[in-house]
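Since the structure comes first, as structure tokens, the remarks are kept for the end.
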Amino acid sequence: MDGIHYRARAPLRIGLAGGGTDVDPYASKKGGAVFNTTINRYAYCTITPTGDHSMSVHSTDYGKYEAPLDGGPLPLDGNMDLIKAVTNHFEIKDGFRLFLQSEAPPGSGLGGSSTVMVSIIAATCEWLGIKMTGSEMAQLAYRLEREEIGLKGGKQDQYAAVFGGFNLMKFAESGVDVNRVRISEDTINELQYCSLLCYTGSPRESAKIIESQVDSFKSGQNEEALDESRKLAFEMSSALERGNITKAGELLDLSWQYKKQFSNKISNPQIDAFYEAAKAAGAIGGKVSGAGGGGFMYFICRYDRKYSVAQELQKLGARITDYMFEPRGVISWRYPND
């Protein structure tokens with residue numbers, strides 16, 4: 031069907047507590063739990079059918095790529111593998127142009143690659159007229175990214191991008207359970223008012239950090255820290271359900287202390303300096319979003335100290351990022367090609 035753009039938009043996420051317990055083998059062996067929320071920063075995908083039998087990709091982060099679609103499965107070789115894996119899975123032979131744009135740089139810690147994967151799947155389903163449930167889409171995104179391509183990481187990112195909002199997610203060998211946390215609008219507004227998101231300016235290679243975390247778990251070094259982090263996911267979601275933002279900030283601080291025990295690659299002198307400056311200026315608690323090592327940091331501050339925290343972080347070179355919490359997950363639509 032020429033003359034139509036098929037588009038999708040999936041939200042990026044902030045991990046609030048329990049991140050890391052969604053990574054196997056811990057998640058399958060002991061059962062993980064993560065509390066996260068999505069924000070109004072997105073990964074966008076546009077598919078435009080071309081009427082031939084080749085694909086042409088333009089990604090604002092990864093450049094350009096072209097390949098014929100009539101020669102069997104596309105090789106997963108580290109170049110545009112997210113798109114190739116989706117193309118292979120749906121056995122697409124009809125030609126298309128694909129444009130990808132993410133509002134967070136690679137390695138930012140906001141679940142970027144998984145969110146991009148969800149947006150590609152959603153746009154493809156919009157194009158092909160395929161109906162998938164949220165769970166089916168998240169499971170497919172996980173399987174293609176983690177198992178087919180072999181990108182290391184947990185399971186929370188795909189589910190956050192699909193479902194959106196504040197969710198308590200439970201991970202077991204049998205599957206994933208996504209529970210929407212009922213937080214009042216007043217509490218969400220207050221949390222927004224007290225929250226600060228900043229970019230540390232140093233993207234990181236999450237795969238190496240996750241590998242280190244997994245190795246530490248297998249050798250019995252971080253199991254207790256992971257157990258405590260899992261508990262904090264329940265405690266923090268409960269604190270916000272009750273409207274207690276100060277308690278949530280204190281739990282965020284505790285969550286960061288445990289997270290640093292997962293692997294010696296999670297923090298570094300720069301991150302420690304950011305954290306100490308923020309706490310001294312009035313942050314109740316904070317953490318690095320994602321695997322660690324850099325990217326974005328999230329803080330809950332006393333409402334009258336947020337400005338001071340922002341000033342101190344900027345002095346150290348952090349970039350304050352405007353954002354709002356996003357209650358919706360992935361959406362797709364179609365629009366005429368001008």
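For the sequence shown, the numbering used here gives the first residue as 31, with consecutive numbering after it.
C-beta atoms are modelled at their ideal positions from N, C-alpha and C, and glycine is treated no differently.
Just so it is clear, the structure is predicted and the values come from calculations on it, not from any experiment.
| Check | Outcome |
| --- | --- |
| I'd like the list of long-range same chain contacts for Tyr-337, defined as Cβ closer than 7 Å, with 5 residues on each side in sequence excluded. | none |
| Distance, Cα to Cα, Gly-312 vs Ile-350? | 16 Å |
| How many Å lie between Gln-188 and Ser-149 at the Cα? | 10 Å |
| What did DSSP end up calling Ile-160 once you bin it into helix, strand or coil? | coil |
| In this structure, does DSSP put Ser-89 in helix, strand or coil? | strand |
| If you measure between the beta carbons of Leu-198 and Gly-50, is that distance less than 8 Å? | no |
| For Leu-128, which beta-bridge partners are listed by DSSP? | Ile-77 and Val-87 |
| Among residues of its own chain, excluding the 5 on either side of Lys-185, which ones have a beta-carbon nearer than 7 Å to its beta-carbon? | Asp-52, Ala-57, Tyr-172, Phe-201 and Val-206 |
| Apply the 10 Å Cβ neighbour rule to Tyr-353 and answer buried if 16 or more other Cβ atoms are within range, or exposed otherwise. | buried |
| Rounding to the nearest angstrom, what Cα-Cα distance links Ser-89 and Gln-344 in this structure? | 30 Å |
| Taking DSSP as the reference, what is the three-state secondary structure of Gly-142? | helix |
| I'd like to confirm the pairing. Which residues does DSSP put opposite Phe-65 in its beta bridges? | Ala-47 and Leu-198 |
| Going by the DSSP bridge assignment, what does His-35 pair with across the sheet? | Tyr-365 |
| To which residues of the same chain is Leu-270 closer than 8 Å at the C-beta, ignoring the five residues directly before and after it? | Phe-196, Val-211, Ile-213, Thr-217, Leu-221 and Ala-278 |
| Could you say which of Leu-282, Ala-310, Val-339 and Leu-226 lies nearest to Leu-262 if we only look at CA atoms? | Leu-282 |
| What does the alpha-carbon distance come out to for the pair Leu-106 and Leu-181? | 11 Å |
| Compare the C-alpha of Lys-94 against each of Asn-109, Phe-304 and Gly-231 and name the closest. | Asn-109 |
| Do Glu-178 and Ser-144 have their CB atoms nearer than 8 Å? | no |
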